[in-house]
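Residue numbers (the working numbering): 58 to 244.
Where is the CB? At the ideal position from N, CA and C, for every residue including glycine.
None of these values were measured; they are calculated from a predicted model.
Below is one structure, written out as structure tokens, with a few remarks after it.
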């Protein structure tokens, strides 16, 4: 009986590992950022995601977006009832993870962007489960163009807000260049 339990546990671990292996590595000349919304809190409220003045996606949760971009300095921000931003210097061939945390707001859910240390198994547990069980959100070019057009005024306000955060030294720049791996690193 004990052998059957061990075999069952091994098979489950192997299946989960195989599913997690579907995470594509970053191209050597690009950086990849995962925006991951694990929590179901405020799941009906979509958040919109930006790289500077460019709309890169919109989805409600739990879900995630895999965003490939040029290495270098980036200002990532999200819009809900509020705005939150992260500044990062991305390295080529690396994968970064940002947890998108919904927080109850006055009318809608608010958003908080939290850089994730991918080497921290505890932080990555729920994120790995989500990445393994579903495909990323992938908005089409037409959808992104329509959002870009519709949100021009919001983009101006969002960039102004990020500049204010930067001037007060409250803009988080803690994205770490850890490679996302299929298995968590043990301490």
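CA-to-CA distance, residue j to residue i, given in whole angstroms
i	j	result
residue 119	residue 185	13 Å
residue 216	residue 168	16 Å
residue 133	residue 149	17 Å
residue 89	residue 139	25 Å
residue 81	residue 107	22 Å
residue 137	residue 84	31 Å
Residue i, buried or exposed, once every other Cβ within 10 Å from all chains shown has been counted against 16
i	result
residue 200	exposed
residue 210	exposed
residue 103	buried
residue 190	exposed
residue 94	buried
residue 212	buried
residue 142	buried
residue 179	exposed
residue 219	buried
residue 158	buried
residue 152	buried
Residues that DSSP places opposite residue i in a beta bridge
i	result
residue 172	155
residue 83	Its beta-bridge partners do not exist; DSSP assigns none.
residue 131	145
residue 112	107
Integer-rounded CB distance, given that residue j should sit under 8 Å from residue i
i	j	result
residue 187	residue 112	Actually they do not touch by this definition, with Cβ atoms about 22 Å apart.
residue 53	residue 172	Look at the range of the chain in this structure, 58 to 244, and you will see that residue 53 is not part of it.
residue 135	residue 105	7 Å
residue 154	residue 170	About 11 Å; that fails the 8 Å criterion.
Residue from the options whose Cα sits closest to the Cα of residue i
i	options	result
residue 161	97, 125 and 87	97
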